[in-house]
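Chains as they are written, first to last, in this note's numbering: chain A, 4 to 117; chain B, 297 to 736.
Since the structure comes first, as structure tokens, the remarks are kept for the end.
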Ligand SMILES: Cc1cc2nc3c(=O)[nH]c(=O)nc-3n(C[C@H](O)[C@H](O)[C@H](O)COP(=O)(O)OP(=O)(O)OC[C@H]3O[C@@H](n4cnc5c(N)ncnc54)[C@H](O)[C@@H]3O)c2cc1C
């Protein structure tokens, strides 16, 4: 168990390091967007923006699920049994989560404006 | 001299588990060795800075703060071998398999960029190709394997990539060259012959992966009608676990690939594109348009010719390092440990084996440095992500006894799956690099 936690942790760190360019772009965007949100003094929490953000992520989730296999040099046809389905679901949910984090500050600023 | 019958009482030792071993069985090797260190000022020499040597150097760098570390290896950059099957089938560029050794070498270690020529274990010293003698208190032997292409009459390593000759094993450059030959065959068609020798080989799944992926390339190119492959195994199977051997042979049968068992590549005529196989029915000569050669393998000469190699038993022929398969300590020289492909132990010549055995070697070495017996016992864990086509794989993990030992119980080793492919294509290299850092 401890071995698996250690292995999974370092595997993820290693994978993030291997995709450093994408990671840095997302981090820079997050800093810029949340920086802009804080600077706009509109408050970090907004229920309406949160719900809208979840909606955007909910749309992004199946889109990621559909394209992730081909992004990994495979295809949806190779997603073949329960573990594949669950892992594809979790991984695409992770990417949808990043989408949520990116659109949320935009939504807060846009909705307030509106 | 070492013989298998002279093994120290491994069974008794299993019952003498110390606290570290008890923790290891409960919580895993990483927890067991997390706090292990020694303040002794000893000199540890590590031969090889590949998967095993580097992983051990980085772990000792932390666990032996007052010790002196010397790593001997002339090769830089080092190779990410598991990526070679993807290079030789046109998926990865060669550059993805080159690792800058200096990025991983612990700053405190002295890196001797020379080749070991002689080990004088009786006098605790090694000699390099420049004639330099390096004395040690403890020695870790991790030089991998030697490819014995010369055992195949007429074979010329330099010709790989030309005239229908391929061999994924040789090096990243020759994996790229192999893809040139394979690509030509896939498009133009003809008779392909894929081989497997009778000696122990590193990553025994690689010859199968090459066959599966070439077949997939043929399907992608739509040249099934003109490109035909035969697989020749010098053994009575194509994989040591019967389920996976039968599964592979049946999958190939469906794709029109006949498997010839006990058919051993003995000679090639590279100009005439002819290969001679020794079979139960005598020698058979076959013509080919593509020949994928898996060379016989053995321990590097300086190990083979030293007093450290097995002199009797299954591993004597290849001159493999005579270590106890549980503790990975040398059978006779208790200040010597082996790690990685060089070990004369059953089955595991994979990076996955290194992942689990490198921390164990460090822990057992630290015990010996502290004047104790080695406590941890290796179960022979090894793994092979069997790529069955682009985008799908079976993640086969097993131990010395051939028991399936999946790291993540939710991955079914007997199923071809996308997630197993992701593990190989996306996660294996980051994990490998973390292993070099001594993190996993
Ligand atoms: C085509 C291919 C596919 C593979 N696929 C997989 C896979 O999918 N999964 C997996 O787990 N494993 C795989 N492996 C196996 C894995 O790469 C090896 O098991 C692993 O690299 C072994 O590590 P090692 O340290 O023993 O040897 P190496 O990594 O080869 O390191 C040995 C080092 O010793 C050095 N050395 C040699 N001789 C001397 C000398 N005389 N003096 C000093 N230094 C010396 C070499 O230069 C080298 O740097 C594959 C291997 C190949 C070739």
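The C-beta atom is built at its ideal place from N, Cα and C for all residues, glycine as well.
Shown here, residue 332/B sits in coil according to DSSP, grouped into three states, outside any helix or strand. The nearest non-hydrogen atom of ligand 1 is less than 8 Å from the C-beta of residue 724/B. Taking the Cα positions, residue 404/B is about 34 Å away from residue 680/B.
The count of Cβ pairs closer than 8 Å, one atom from the region 601 to 612 of chain B and one from the region 442 to 460 of chain B, stays below three, leaving the stretches out of contact. A Cβ-Cβ distance of about 6 Å is found for the pair residue 709/B and residue 690/B, placing them in contact under the 8 Å criterion. For residue 90/A, the chain B residues whose C-beta falls within less than 7 Å of its own C-beta are 715, listed in chain order.
Beta-bridge pairing by DSSP links residue 675/B to no other residue. When 7 Å is used as the limit between beta carbons, residue 726/B is near these residues of chain A: 14, 17, 18, 20, 21, in chain order.
Between residue 516/B and chain A, the shortest Cβ-Cβ separation is not below 9 Å. In this structure, 378/B is the residue among 360/B, 327/B, 378/B with its C-alpha nearest to the C-alpha of residue 506/B.
Within the region 387 to 459 of chain B, the complete beta strand (DSSP E) runs of at least 3 residues fall at 406 to 408, 412 to 416, 421 to 424, 429 to 431, 434 to 437. For residue 507/B, the uninterrupted alpha helix (DSSP H) segment begins and ends at 502 to 517. In this structure, the C-beta of residue 416/B stays at least 8 Å away from each heavy atom of ligand 1. Taking a Cβ-Cβ cut-off of 7 Å, the neighbours of residue 712/B in chain A comprise 83, given in sequence order. Each of 413/B, 500/B, 343/B, 368/B was checked against the Cα of residue 642/B, and the nearest Cα belongs to 500/B. At a cut-off of 8 Å, the beta-carbon of residue 601/B does not count as near ligand 1: no heavy atom of the ligand is closer than that. DSSP, reduced to helix, strand and coil, places residue 594/B within a strand of the structure shown. Rounded to the nearest whole angstrom, the C-alpha separation of residue 548/B and residue 554/B is 7 Å. Residue 20/A sits in a helix when the DSSP states are folded into three classes. Between residue 59/A and the set 73/A, 105/A, 93/A, 16/A, the nearest pair of CA atoms involves 105/A.
Residue 94/A sits away from residue 327/B, with the two beta carbons spaced by 9 Å or more.
One thing to note: residue 352/B has its Cβ no nearer than 9 Å to the Cβ of residue 662/B. The alpha helix (DSSP H) runs lying completely inside the region 475 to 502 of chain B and spanning 4 residues or more number zero. Its chain contains 712, 713, 714, 717 as the residues whose beta carbon lies nearer than 7 Å to that of residue 688/B, once the 5 sequence neighbours on both sides are disregarded; these appear in chain order. Relative to the Cα of residue 707/B, the nearest Cα in the group 697/B, 699/B, 693/B, 698/B belongs to 693/B.
9 Å or more divides the Cβ of residue 512/B from the Cβ of residue 488/B. About 6 Å separates the beta carbons of residue 523/B and residue 482/B, which is inside the 8 Å limit, making them a contact pair.
Taking a Cβ-Cβ cut-off of 8 Å, the neighbours of residue 704/B in chain A comprise 7, given in sequence order. DSSP places residue 561/B inside the beta strand (DSSP E), whose first and last residues are 560 to 565.
Secondary structure note for residue 578/B: its beta strand (DSSP E) is the uninterrupted segment 578 to 583.
Residue-level contact by beta carbon holds for residue 721/B and chain A, with a gap shorter than 9 Å. For residue 616/B, the CB contacts under 7 Å within the same chain, skipping 5 residues up- and downstream, are 595, 605, 606, 638, 639, 640 in chain order. If you ignore the 5 residues before and after residue 67/A, its C-beta comes within less than 7 Å of the C-beta of 95, 98, 99, all in its own chain and listed in chain order. Put simply, the CB of residue 77/A is near chain B, with a gap under 9 Å to one of its CB atoms. For the options 550/B, 354/B, 497/B, the alpha carbon positioned closest to that of residue 508/B is the one of 550/B. In the three-state scheme derived from DSSP, where H, G and I count as helix and E and B as strand, residue 40/A is classed as helix.
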